[in-house]
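Numbering (the working numbering), first residue to last: 0 to 222.
Dropping the structure here:
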């Protein structure tokens with residue numbers, strides 16, 4: 000069971016393309032324990048551990064990136080590039096957390112993680128396989144895909160509730176119910192078992208017809 004989540008985010012020199020791997024300009028880690036997440040009653044847990052490191056990319060930043068991130072060659076001029084010191088700070092930060100730890104990044108599989116691993120490769124470093132990682136974007140997609148069948152079923156129920164009352168009153172079962180009640184009243188004690196059987200069959204027939212769409216849809220969703 001994961002004990003600590005480390006929310007991971009990068010600012011970079013651009014986006015990944017076929018021929019270009021961006022460099023990191025800022026690295027942010029926020030660690031929170033599983034217990035704190037589960038027990039907090041506030042918007043955020045009170046106890047959060049943070050590591051934020053600006054990093055010089057060793058190349059010129061475009062005006063677009065400067066506008067987007069607020070980072071420029073000027074304000075990063077005294078900052079070190081991605082080196083072993085940065086790596087050691089990250090590892091020490093991780094080691095302070097309760098294991099097992101798991102990195103969490105939004106669109107991490109397609110952006111943050113490849114860029115970070117590329118930076119590690121440039122300094123001949125790697126990460127322990129014991130450190131897990133997940134992509135928050137994929138989790139959100141999976142969550143809403145599971146929610147969609149439930150929403151459809153709720154919409155179907157709501158739509159069924161909007162049927163005109165006159166349609167419900169003329170559903171064809173009133174006469175069946177009346178005949179069953181008349182049969183109960185006019186039947187003597189010796190024929191009670193037969194009477195109850197008729198009622199059960201009539202009620203079962205009514206329920207099976209009226210509930211068929213909802214039942215079939217539910218089974219479809221479950222499958």
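Every residue, glycine too, gets a C-beta built ideally from N, C-alpha and C.
- Runs of alpha helix (DSSP H) with 4 or more residues, each lying fully within the segment 50-128, are found at 62-68, 83-94, 111-121, listed in chain order.
- The C-beta distance from residue 97 to residue 16 rounds to 38 Å, too long to fall under 8 Å, and the pair is not in contact.
- Spatial neighbours of residue 122 in its own chain (CB-CB distance under 8 Å, excluding positions within 5 residues in sequence) are listed in chain order as 81, 82, 83, 86.
- Classified as exposed, residue 73 has fewer than 16 neighbouring CB atoms from the shown chains inside 10 Å of its CB.
- Per DSSP, residue 36 is one residue of the alpha helix (DSSP H) stretching across 33-38.
- Shortest Cα-Cα distance from residue 20 to any of 69, 117, 43, 127 involves 117.
- Residue 56 sits buried, since 16 or more C-beta atoms from the chains shown fall within 10 Å of its C-beta.
- In this structure, residue 133 keeps its C-beta atom at 7 Å or more from the C-beta atom of residue 100.
- For a cut-off of 8 Å, the C-beta gap from residue 54 to residue 24 is around 6 Å, short enough to register as a contact.
- Secondary structure at residue 130: coil, using DSSP grouped into helix, strand and coil.
- A direct Cα-Cα distance of roughly 30 Å separates residue 92 from residue 66.
- Pairing residue 103 with residue 42 gives a Cβ-Cβ distance that is not under 7 Å.
- About 6 Å separates the Cβ atoms of residue 9 and residue 114, confirming a contact at the 8 Å cut-off.
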